[in-house]
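Position 138 of the sequence shown, counting from 1, maps to 138 under UniProt numbering, and the rest follow consecutively. These notes concern the structure reproduced below.
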Amino acid sequence: MTTKTRTVVVTGSAAGIGQHIAADFARSGARLVLADVQPVDETLTLVQAAGAEAHHVHCDITDEGSVRSFGERVAEICGGSLDVLVNNAGINGEAQLVQDMPLASWQRTIATNLTGTMLVTRELIPLLAADGGGQIVNIASNVARRGLPYRADYVASKWALLGLTQTLALELVEDGIRVNAVCPGPVEVDRIEKVMQSHAEAEGRPVEDVRREWEAGSPMGRFIEPGEVAAVVSFLASDESSAMTGQALNVTGGQIMT
Ligand SMILES: NC(=O)c1ccc[n+]([C@@H]2O[C@H](COP(=O)([O-])OP(=O)(O)OC[C@H]3O[C@@H](n4cnc5c(N)ncnc54)[C@H](O)[C@@H]3O)[C@@H](O)[C@H]2O)c1
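Written as structure tokens, this is what we have:
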């Protein structure tokens, strides 16, 4: 019996968590579509080393025209039927209090993390529905479950992403499309250093202080490894989670328990 090769789209797969998610799917034998505004050479090398077929398709998720062309290219690659969409692309925003926040900063973060995710999803729903269904996994955050001073734009975008996840889960259930989210705590990737630095500067304290506080915020006393996020994404995209839709799984070392 031959099993069909799954086609998986991962947005924001040039670096960080998205790169690990793509590598995890590659090891399971999937065909990867790597979507990013940046070159994805490093991820392509990783994915191809695992023996998987991979395509880089440039996509700026904040630009409706770019997302439309992206959708057309994905349709060609997957032959009209897509299996998995991982909405991972996102930006941090600058660390600043609401009282100091320029409108443009707020709008940039919402346009990427929330509106961009909606645009990509809207474009790819027909491909996910084409062959009886598929899976969508949205990468939210532990701050989709709580507040965090200096990060209102980012926090609001991630809370809203869970609202989008639950609504899509209801809208798409009859198409056989399951929609779930992952809420990671701070993950050990290059970007987290920049995020902590930006907090340290805004709050006027050493960056080591920020790291210590964030590590202590988790009962496990540590940050999350990107592979630990990728493993939960793979689970949500597999038949092992066939009874789950509209859910958000915390990968936070116990920091968030609801
Ligand atoms: N790193 C963490 O601690 C952490 C914790 C919780 C959630 N997250 C979430 O995980 C996801 C990945 O984060 P990361 O830490 O790996 O970040 P990262 O900056 O390393 O990777 C994000 C990727 O998204 C891409 N991207 C940004 N804007 C884009 C756009 N308009 N169109 C297409 N691609 C775009 C970037 O080029 C980059 O490759 C994000 O959604 C982030 O909010 C990260």
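Even for Gly, the Cβ is constructed at its ideal location relative to N, Cα and C.
Item, Value
"Closer than 7 angstroms: glutamine 48 CB and nearest ligand 1 heavy atom", "no"
"Exposed unless 16 or more other CB atoms sit within 10 angstroms - verdict on glutamine 197", "exposed"
"Contact belief for cysteine 183 with serine 141 at Cβ below 8 angstroms, rounded distance in angstroms", "6 angstroms"
"Among Val229, Asn138 and Gly16, the one whose alpha carbon lies nearest that of lysine 194", "Gly16"
"Host beta strand (DSSP E) of isoleucine 177 (start-end)", "177–184"
"Closer than 7 angstroms: proline 206 CB and nearest ligand 1 heavy atom", "no"
"Proximity winner among Ala156, Trp159, Leu128 and Lys158, relative to glutamate 174 (alpha-carbon distances)", "Leu128"
"Closer than 7 angstroms: residue 287 CB and nearest ligand 1 heavy atom", "Because the chain is modelled from 1 through 258, residue 287 falls outside the range shown and cannot be assessed."
"Beta carbon of serine 157 nearer than 8 angstroms to that of glycine 185", "no"
"Beta-carbon gap between aspartate 24 and alanine 243 smaller than 8 angstroms", "no"
"Close Cβ partners of isoleucine 110 (< 6 angstroms) along its chain, the five nearest in sequence each way excluded", "Ser157"
"Among Ala248, Gln107, Pro206 and Ala30, the one whose alpha carbon lies nearest that of alanine 144", "Ala248"
"Best match in Pro102, Val179, Gln107 and Tyr150 for proximity to isoleucine 139 [C-alpha to C-alpha]", "Val179"
"Residue from Thr3, Gly12, Gly93 and Glu240 with nearest C-alpha to glycine 29", "Thr3"
"Selection from Ser105, Thr165, Leu85 and Thr5 that minimises the alpha carbon distance to glycine 134", "Leu85"
"Aspartate 209 (DSSP reduced to helix, strand or coil)", "helix"
"Residues near glutamate 123 by beta carbon distance below 6 angstroms, same chain, minus five either side", "Val67 and Gly71"
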